[in-house]
Amino acid sequence: MIEVVTVILFGMLAVTAIAAIRLHDLFAVVMMFSIYSLLAAAVFVAMDAVDVAFTEAAVGVGISTVLMLATIGLVGRHEKRPAHRPGLPLAVVTLTGMVLVYGTLDMPRFGDPLAPIHQHVAPHYLQDSPVEIGIPNAVTGVLASYRGYDTLGELTVIFTAGIGVLALLGIRRRKRGES
Amino acid sequence: MLTLTLLVLLGSMALALLRAVKGPTVYDRILAANAFSTKTVLLITALGFLVGEAEYYVDIALMYTLVGFIATVAVLKVSEFGNLGQSGAVRSTPAERPNK
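Protein chains in written order, with our numbering: chain A, 5 to 183; chain B, 2 to 101.
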């Protein structure tokens, strides 16, 4: 049953993406993006990646919708006609995509239990993390404990970026106040 | 019974998506996205009962409800005032203006 749900959700994800490309009203595109990230989160939940779904909830559904709406408030809500022809970029993207797909042919099949990535530390994490960490979800255990320093570094980067954005916004507002 | 619930939820999600794709006005799409948010919350809860770990999934569903409310408020503010910055003294509706 869960496979059927996942396949239907992926189908709706594709429909939403195509609709977002074809629409020209940016406000409508933001609404499609909001639906897209809700669908992506539902897919994550259906595939049992609960922590990724949490991140998607905070970033995708909440903040990115608000940020894109703020951008619409600045740039207007209608897409301008592109000044260049899409032929050459489309060819470059298609070619790059084909090369990348060709590059994946050497990789082990998706879900192959004998792949090198499943032989290194993954068995230890899967078998021992409920005892060692005490968190029922193995992915959360890896992120929050085994790779705790990594997660702390990520948080430092995001925090620094947030301070940078706040500094830029503050400078702009002060200039407007002086003039 | 749970299968039927999931199928009905997926069907109503598809209908809301159809309205968001076709919707002639922006307000149709806002309403469709809001309905879709509700349906996603319900689907996550139903999936929780299907998997058998409803207590975790209900937490996620609650978080989605709260975050979706923030997004809805932002959407309505932009559609009413034109941007997110002003306090609401100037009324200019972007949905009614042809271009900004």
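Backbone N, C-alpha and C fix where the C-beta goes; we use that ideal spot for every residue, glycine too.
Sheet register partners of residue i (DSSP bridge)
i, result
"D29 of chain A", "A:H82"
Nearest residue (CA-CA) to residue i, options the options
i, options, result
"Y58 of chain B", "A:L42, A:L71, A:V49, A:M102", "A:V49"
"S13 of chain B", "B:T26, B:S38, B:G24, B:Y28", "B:S38"
"T73 of chain B", "A:I67, A:H122, A:E83", "A:I67"
"V79 of chain B", "A:R85, A:E83, A:L71", "A:L71"
"E81 of chain B", "B:V27, B:L63, B:T66", "B:V27"
"A34 of chain B", "B:L18, B:G49, B:E54, B:L3", "B:L18"
"M36 of chain A", "A:V8, A:V11, A:L73", "A:L73"
"Y40 of chain A", "B:A15, B:V52, B:L10", "B:A15"
"M5 of chain A", "B:L48, B:R20, B:T41", "B:L48"
"T75 of chain A", "B:K23, B:V76, B:L10, B:T6", "B:V76"
"L10 of chain B", "B:L67, B:G69, B:L43, B:L51", "B:L43"
Residue i - DSSP class collapsed to helix/strand/coil
i, result
"P127 of chain A", "helix"
"T155 of chain A", "helix"
"M64 of chain B", "helix"
"D116 of chain A", "coil"
"K101 of chain B", "Because the pLDDT at K101 of chain B is just 42, under 50, the model does not fix this residue reliably, and the point stays unresolved."
"G83 of chain B", "coil"
"L109 of chain A", "coil"
"H88 of chain A", "coil"
"P25 of chain B", "coil"
"I76 of chain A", "helix"
"A53 of chain A", "coil"
"P140 of chain A", "coil"
"G53 of chain B", "coil"
"M5 of chain A", "coil"
"M2 of chain B", "coil"
Validate contact between the segment 51–62 of chain A and the segment 131–146 of chain A using beta carbons, cut 8 Å, 3 pairs: yes
Is it a yes or a no for the segment 159–178 of chain A touching the segment 22–29 of chain A, going by three-plus beta-carbon pairs under 8 Å? no
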